[in-house]
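Numbering (the working numbering), first residue to last: 9 to 102. Don't be surprised by glycine CBs; every beta carbon is placed ideally from N, CA and C. All values derive from a computational prediction rather than experimental measurement. Below is one structure, written out as structure tokens; the observations come after it.
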Amino acid sequence: MSFDVFNFAISFVDLLVTVLFWAILLRSIFTWFDQTGSSPISRILFEVTEPIIAPLRRVVPSVGMLDLSPMVAMILVQLIGRVVVQVLYTAGGR
């Protein structure tokens with residue numbers, strides 16, 4: 009593959025990780041103010057992030073009323089993104 013393809017892939021992964029990170033963070037903040045999830049933004053954030061958070065919610069215990077699964081999801085998204093970028097760097101011969 010050419011250098012440009014790897015640059016594009018790395019940029020795409022970086023953008024995807026950033027968008028997912030902020031979507032999870034915003035979802036967490038929105039749940040404080042819109043607990044019913046009735047606003048369109050809340051619904052979009054829920055639909056985008058629920059496939060990531062739902063499996064973690066089954067594994068990560070809650071602390072009282074605090075759901076830690078979004079925090080774990082943000083950390084995992086960052087870690088997985090870094091691993092994928094590193095693999096792309098290595099595959100690209102850098």
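- Since I believe Val-27 is in contact with Gly-89 (beta carbons under 8 Å), could you give me their beta-carbon distance rounded to a whole number of angstroms? Counted from its first residue, the sequence shown places residue 89 at position 81. Counted from its first residue, the sequence shown places residue 27 at position 19. The Cβ separation is near 11 Å, so there is no contact.
- Item | Gln-94, enclosing alpha helix (DSSP H) - first and last residue | Looking up residue 94 in the sequence shown gives position 86. 77-99 is the span of the alpha helix (DSSP H), which, as asked, contains Gln-94.
- Task: Can you tell me which of the three DSSP states Val-56 falls into?
- Result: Counting from 1 along the sequence shown, the entry for residue 56 is found at position 48. In the structure shown, Val-56 adopts helical secondary structure according to DSSP, grouped into three states.
- Query: What's the C-alpha gap between Ile-83 and Ala-17?
  - Reply: If you number the sequence shown from 1, residue 83 lands on position 75. If you number the sequence shown from 1, residue 17 lands on position 9. A direct Cα-to-Cα measurement between Ile-83 and Ala-17 gives close to 21 Å.
- Beta carbon of Val-68 nearer than 8 Å to that of Leu-76: By 1-based counting over the sequence shown, the position of residue 68 is 60. By 1-based counting over the sequence shown, the position of residue 76 is 68. If you check the CB distance, Val-68 and Leu-76 come in under 8 Å.
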